[in-house]
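Working notes, beginning with the structure itself.
Residue numbers (the numbering used here): 193 to 766.
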């Protein structure tokens, strides 16, 4: 790592921080859109991120030849049409980056000029990716398929990404060792009918994996996953199981030599531990569970359980807790993962020349994708059952594992069903909630419950999709009063999410002044809302400062009082 770090520190890019200059570079990854940022009363211009390799630099009259990796942030949407391997030229300004494996963060606000065409190989791979996206269709299930097969999340909405994250299923849409293991197992299975010699089967399968790496893009996480999958491939091909641990050690060393920054990435530790779990624990669990439940079901349960148990120490070290609901989500989703990956992979490969057949394959796996999307939505709405570190949590985990060995399968299945039913009735936000804060990113959105699917909404945040999802979860169908405190995007940008499919009885925004009052009847009693600010002349004088013109209210309900002041600055609070 010290040698790589020295190379980055010696890059001429480090000497040009804060300056503007022209670079010639090679695109090394696909560009992806960054989440929009709020800047004052509007959203910042859409920007895109990609990794590049800078090979030339012009600073005034000086020309430099170099070979330095850099992170590029560009506002030119044309970058999304370029493919890895293309050479491009653009003007950038440089600054320091927190990303260890790059020499600089380069910001470009101008046009990007493509100097070369993409290679035929790159175009062919891109046609497969485009074909799979087109065949997968719309909706969360359609967006899920390219993610599970190729790690392509470009079709997924932010709300669906949040559901996958909260349910512990986000790893399914990131190319991991599981993807490589499934694809390699499928190829190895086919090779047994074509090739008799095991070493030759492994060699051919390895060639397919190399092509698969190119298809999903060779990022550090992909290369790490491929290395771990190669160990599992060797174990399956030679039937050695735990004797493949030396191969795992070699893979760990190879990954670190190729990319030393992996040692800083918790994902690397999780990949290694998950692979070790599949080699050491999964076979034993399968044999043990098979005595009480059918073997296919035992395999489905043993694989995620063994990987999760081995990864638990690192997960606890990172988050300080263990999510039981994510384990349940992974067990429920596990049976659908392999069919989606295999048939989706075939559908993508044949999509450029046999779109009709590709469509049939997607049609076959679409119900499975819908199942996983439904699980993500369901689990994300349930209460987050977690176990904090400590002896009590250890005893609970040990007890849960012991159930599988002590009781018969009917008792275990019954206990799982009971847990799901109880969790359903305890799901967010509960039956007696009074105030809720919506997760809308950078911004505010608060809801006061009036009962009977009615509520008061204080600000709407910047994201209509996030707000609509929150109001849907809260069961709000009618907004008795909508208050948008001031004109900044992080308080008004999500208005469409509030208005979509809901009646808004009363709306306060703009010319509301102190002294205004509204009264509502809730299932708990009377609720009053009084405007405390802005006050007449001051508001008119502060038109240039929306923060100081924020609508400030005090809400009084039978059980609580609530003050909301928007973004009032100190001078308006005096």
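Just so you know, even glycine gets a beta-carbon here, dropped at the ideal spot from N, CA and C.
- At a Cβ-Cβ threshold of 8 Å, residue 247 and residue 263 do not count as neighbours.
- By the Cβ test, the segment 333-351 is in contact with the segment 553-562, since at least three Cβ pairs between them sit closer than 8 Å.
- Each residue's CA atom was taken as its position, placing residue 658 and residue 682 some 12 Å apart.
- Residue range 670-675 is occupied by the beta strand (DSSP E) that includes residue 672.
- In the DSSP assignment, residue 407 falls within the unbroken alpha helix (DSSP H) covering 390-408.
- A straight line joining the alpha-carbon of residue 467 with that of residue 363 spans about 15 Å.
- Counting only residues of its own chain and dropping the five nearest sequence neighbours on each side, residue 530 has a CB closer than 8 Å to the CB of 374.
- Scanning 448, 242, 388 and 680 for the CA closest to the CA of residue 296 turns up 242.
- Under a 10 Å Cβ-count criterion, residue 454 is classified as buried, with 16 or more other Cβ atoms of the shown protein chains found around its own Cβ.
- The residue from 402, 519 and 292 with its alpha-carbon nearest to that of residue 357 is 519.
- Look at residue 757 here: in three-state DSSP terms it is coil, with no helix or strand label.
- 8 Å or more divides the Cβ of residue 694 from the Cβ of residue 672.
- Around the CB of residue 209, fewer than 16 other CB atoms lie within 10 Å, so the residue is classed as exposed.
- Distance from the CA of residue 753 to the CA of residue 506, rounded to the nearest whole angstrom, comes to 43 Å.
- Around the beta carbon of residue 723, 16 or more other beta carbons lie within 10 angstroms, which makes this residue buried.
- For residue 718, no alpha helix (DSSP H) run applies; the uninterrupted beta strand (DSSP E) run containing it begins and ends at 717-725, by DSSP.
- The bridge partners DSSP lists for residue 279 are 218.
- Contact between residue 275 and residue 310 is confirmed by a C-beta separation of about 4 Å, below the 8 Å threshold.
- Residue 261 sits in a strand when the DSSP states are folded into three classes.
- The residues 567, in chain order, have a CB closer than 6 Å to that of residue 524 in the same chain once the five nearest residues on each side in sequence are set aside.
- Membership of residue 711 in the beta strand (DSSP E) is indicated by the continuous run 709-714.
- In the three-state reduction of the DSSP assignment, residue 749 falls in the coil class.
- Of all alpha-carbon atoms in 207, 711, 384 and 477, the one lying nearest the alpha-carbon of residue 648 is that of 711.
- Under DSSP, residue 625 forms no beta bridge with any residue.
- Judged by DSSP in its simplified three-state form, residue 339 adopts helix.
- DSSP, reduced to helix, strand and coil, places residue 647 within a strand of the structure shown.
- A check of alpha carbon separations from residue 211 across 268, 300 and 267 identifies 300 as the nearest.
- For residue 658, the enclosing alpha helix (DSSP H) starts and ends at 656-666.
- In the DSSP annotation of this structure, the continuous segment of the alpha helix (DSSP H) that includes residue 317 starts and ends at 312-328.
- Approximately 44 Å separates the beta-carbon atoms of residue 702 and residue 521; this is outside 8 Å, ruling out the contact.
- Between residue 378 and residue 534, the gap from beta carbon to beta carbon is short of 8 Å.
- Pairing residue 218 with residue 315 gives a Cβ-Cβ distance that is not under 8 Å.
- Residue 547 places its beta carbon less than 8 Å from that of residue 323.
- Excluding the 5 residues flanking it on each side, residue 750 has same chain C-beta neighbours closer than 6 Å at 716 and 717, in chain order.
- Collapsing the DSSP output to three states places residue 297 in a strand.
- Residue state for residue 357 is assigned as helix, using DSSP reduced to three classes.
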